[in-house]
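Protein chains: 2
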Amino acid sequence: MRSDGQRRATIKDVAEAAEVGVATVSRVLSGTGSASPATREKVLAAAARLDYRPSALGRNLRRQRTGGIGLLVPDITDIFYGRLADGVLACAQSAGEPVMIGTTGDDPEREAELIGTLIEESVERVIAVPSGDGEMWGPAFRAGLGVVFAERPVPGRENVPAVVTDDRTGVRTAVEYLAGLGHRRIAFLARHGQAQRVRAFREALAALGVPVDEELIVHAHATRDSAYAAAAGLLQHRSDLTAVLAGGNVLGEAAVLAARELDFRVPRDVSLIMFDDVPWAELCHPPLTVISQPAQDMGYRAAELVLREGRRSRTVTLPTELIVRGSCGPRR
Amino acid sequence: MRSDGQRRATIKDVAEAAEVGVATVSRVLSGTGSASPATREKVLAAAARLDYRPSALGRNLRRQRTGGIGLLVPDITDIFYGRLADGVLACAQSAGEPVMIGTTGDDPEREAELIGTLIEESVERVIAVPSGDGEMWGPAFRAGLGVVFAERPVPGRENVPAVVTDDRTGVRTAVEYLAGLGHRRIAFLARHGQAQRVRAFREALAALGVPVDEELIVHAHATRDSAYAAAAGLLQHRSDLTAVLAGGNVLGEAAVLAARELDFRVPRDVSLIMFDDVPWAELCHPPLTVISQPAQDMGYRAAELVLREGRRSRTVTLPTELIVRGSCGPRR
DNA sequence: ACTCCTCATGGAAACGATTCCATCATAGAT
DNA sequence: ATCTATGATGGAATCGTTTCCATGAGGAGT
């Protein structure tokens, strides 16, 4: 008996042990085709005895399809993407599909590299939060990958299925809520790549007859440092603002921190509202009013979409919800 | 030209296009062996023209090694594991290794399933935060996987390399700090699987001559609900306690929430300290005093360890750091 | 009893890459 | 001029699986 630890048993070993051909073993184990009960038994017994597991490598090579899905997110440390990933994993694992993950850091170049790796690995389905303008996706489509975008659509690729949040309604809800409290000087703290939300922000202000001050729209990169710098700059240089809308939890965190550091009292001196409902929003002082986004659902739906590649599927838009806590007050 | 979109180019296509044999193409592209400059050029040009990418499937099947590392964490939504995963990804991506991720939910059964999947996929290196007692790892070792445990060691498997935090020192630091403030009735809010920290807790108390009250040691599962229930139960039923040490950020969050809900003022009524330095610890009111753990380093080191499988490596223990903020005060 | 059909079965090809090995050409040495 | 050493090159085997196809056996229908 040399089955203990040296080499993984192959289908050939099972065939020998069961005294049948490899084709029969394959048929029995995959459930396709016919086999007599006696043979069936023998094969199953041999497979169990040898602790046999079919090699996905061999199978995939033969079948010319890998199964398995790739997942590309900017930053797994951002809880929003953590929850998105969790949703993807929940769906993928219940379907028995392995998931290959990569973090792009919102850098199109790293994204391109990761796409390349996925293609080499013959992964044929990808869920991605695209970086930059999403200009790196040519090779992926040329290679025939099934792609679903999450969180953000890509400007040039409207025909690619995507699962996004209803940015327009979300932003409008936030802006109307703030305007209802009397705020006019509302700042938007955005991440690069949130062009859609910025547009919605302008529209929402315009619809309310509030003039848009471009200097109140500030962009930051996805890092905590950049977010803090942007938030602090905003509060210092545009001190006539009375409310800040943060485009994501990292930006919101930075805003809270900057406000505290610069001695702005929330909500007395400045009202604060952010995208993403995160656990610490309740723990904050004061508790943060947020526009919640269904991050986990988003991941789950994206995974569903990418797994049923059959039907042509359009973009799915998920609703947001305003959760009022204590960080917004009337304009002073 | 049919190279546009239908089928991925194979090495054979490149060989034909360059008018050489497949062996030559392989040699040129992988850099092994010799080839004349002219041939070299022809092959490179053909490969570029056809947008050729070698299939990892074919290569791995032939080479009998997959490369790529598996990563098993309890919950990617927990920022501690998010940072751990980030560290793993940082190392793996810089080494060009794909990463397959799975979440176990701290459930040994799901863990076993995921291990099975990894074996089928011929992944040969795994970094895992083991669930339960880690009794499901037999098949993995039998299959010859290179395993590195992270965060927690597994009782029966001391010879498996692991990257863990210095629980003993971390806990002792926290307990000594609290004792220095006059606290005697110190509770420990632990997750299942933190046996090591519980042991350290008992030892630290004993070393200070403080009697150990077993009822002040409470266990919760890894979910937010379970953590909240445990924290609330602790505060309600053992109201003579004056300080709580939480074994992780989810537990700490639950403690803050429960304290607020039950009208315990922090730190006046109860002092609070938790493992994990997370961004919201500063945002909390009052800011939380924490024992920080180098989660990202942990992941990075684990990845390094699992990639240099060559040398036999022992367990790596990473230091913790006490970060004093405002959630601990003198005993009333 | 002969034919036909179905079912069980195993051999062999294919998937895409690497790598061993044999072949061939050319340059250098005698 | 002949022999040898070296480098370039391609054919073919191999990895583990699935699947096509051929074969053989056995039962049913005439």
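In order, the protein sequence lines correspond to chains B and D.
Numbering-wise (this note's numbering), the first sequence opens with residue 14 and increments by one.
Numbering-wise (this note's numbering), the second sequence opens with residue 14 and increments by one.
Glycine is no exception: its CB is placed at the ideal position from the N, C-alpha and C atoms.
Just so it is clear, the structure is predicted and the values come from calculations on it, not from any experiment.
Query	Result
What residues are listed by DSSP as bridge partners for D/S68?	Paired residues: none, contrary to the question.
For D/M14, which residues from the same chain have a beta carbon less than 8 angstroms from its beta carbon, with the 5 sequence-adjacent residues on both sides left out?	Note on D/M14: pLDDT 33, under 50, position unreliable in the model; no value is reported.
Would you check if there are 3 or more beta carbon pairs closer than 8 angstroms linking the region 97–114 of chain D to the region 225–242 of chain D?	no
For B/Y249, which of B/N262, B/A235, B/L229, B/P67 has the nearest alpha-carbon?	The amino acid at residue 249 of chain B is misidentified as Tyr; the sequence shows Gln. With distances taken between Cα atoms, B/Q249 lies closest to B/L229.
Helix, strand or coil for B/H232, going by three-state DSSP, please let me know.	strand
How is B/V279 classed by DSSP in three states: helix, strand or coil?	coil
Can you tell me the Cα-Cα spacing of D/G83 and D/I114, whole angstroms?	6 angstroms
At a CB-CB cut-off below 8 angstroms, which residues of chain B make contact with D/G71?	L74
For D/D17, which residues from the same chain have a beta carbon less than 6 angstroms from its beta carbon, with the 5 sequence-adjacent residues on both sides left out?	Residue placement at D/D17 cannot be trusted, given a pLDDT of 42 that sits under 50; what the coordinates show is reported in the next sentence. Taken in chain order, the list of residues that qualify is empty.
Kindly indicate if chain D contains any beta-carbon less than 8 angstroms away from that of B/V279.	no
Put D/M14 into one of helix, strand or coil per three-state DSSP.	A caution first: D/M14 carries a pLDDT of 33, below 50, which makes its placement in the model unreliable, though a value can still be read off. Here D/M14 sits in coil by DSSP.
In the DSSP assignment, what are the bridge partners of D/A164?	First, the amino acid is wrong: residue 164 of chain D is Glu here, not Ala. Answer is D/V177.
Looking at chain B, which residues of the region 148–176 of chain D have a Cβ within less than 9 angstroms of any of its Cβ atoms?	P152, F154, R155, A156, G157
Using CA coordinates, which residue listed in B/Y313, B/I336, B/R210, B/Y241 is at the minimum distance from B/G271?	It is Ala, not Gly, that sits at residue 271 of chain B in the sequence shown. Nearest of B/Y313, B/I336, B/R210, B/Y241 to B/A271, Cα basis: B/Y241.
Are B/A200 and B/V257 touching if we call contact CB-CB under 8 angstroms?	yes
Please name the residue or residues paired with D/C297 in a DSSP beta bridge.	B/C297
Any idea if D/V337 is buried or exposed, counting beta-carbon neighbours within 10 angstroms, 16 or more meaning buried?	exposed
Got a sec, what are the start and stop residues for the beta strand (DSSP E) B/S144 sits in?	No beta strand (DSSP E) contains B/S144, which DSSP labels as neither H nor E.
Assign B/F93 to one of two classes, buried (16 or more other C-beta atoms within 10 Å of its C-beta) or exposed (fewer than that).	buried
Straight-line CA distance for B/A28 to B/V38?	6 angstroms
Evaluate contact between the region 133–143 of chain B and the region 64–73 of chain D, counting only Cβ atoms and requiring at least three cross-stretch pairs below 8 angstroms.	yes
Nearest chain D C-beta to B/Q106 closer than 8 angstroms, yes or no?	yes
By Cβ distance below 8 angstroms, which residues in the same chain neighbour D/N73 in space, the five residues on each side in sequence not counted?	T79, G80, S135
For D/E13, go through chain B and note every residue whose CB falls closer than 8 angstroms to its CB, in chain order.	Examination of residue 13 of chain D is not possible in this model, given that chain D is present from 14 through 345 alone.
Please report how far the alpha carbon of B/L198 lies from the alpha carbon of B/V188, in whole angstroms.	The sequence shown places Arg at residue 198 of chain B, rather than the Leu named in the question. For B/R198 and B/V188, the distance between alpha carbons rounds to 11 angstroms.
Compare the C-alpha of B/L264 against each of B/G145, B/L158, B/R237 and name the closest.	B/R237
If you measure from the beta carbon of D/T116 to each beta carbon in chain B, is any gap under 8 angstroms?	yes
Smallest Cα separation from B/R21: which of B/L57, B/R40, B/T45, B/R62?	B/R62
Would B/A259 pass as a contact of B/F214 if the rule is Cβ separation under 8 angstroms?	no
Could you give the distance in angstroms between the alpha-carbon of B/R210 and the alpha-carbon of B/P143?	16 angstroms
Go ahead and pull the three-state DSSP assignment for B/A28.	helix
Among D/I304, D/R123, D/A156, D/G34, whose alpha-carbon lies nearest the alpha-carbon of D/D180?	D/I304
According to the neighbour-count rule (16 or more other Cβ atoms, all chains shown, within 10 Å of its Cβ), is B/E110 buried or exposed?	buried
So is D/F154 buried or exposed if we call it buried at 16+ other beta carbons inside 10 Å?	exposed
Tell me the DSSP secondary structure of D/V139 in three-state form.	strand
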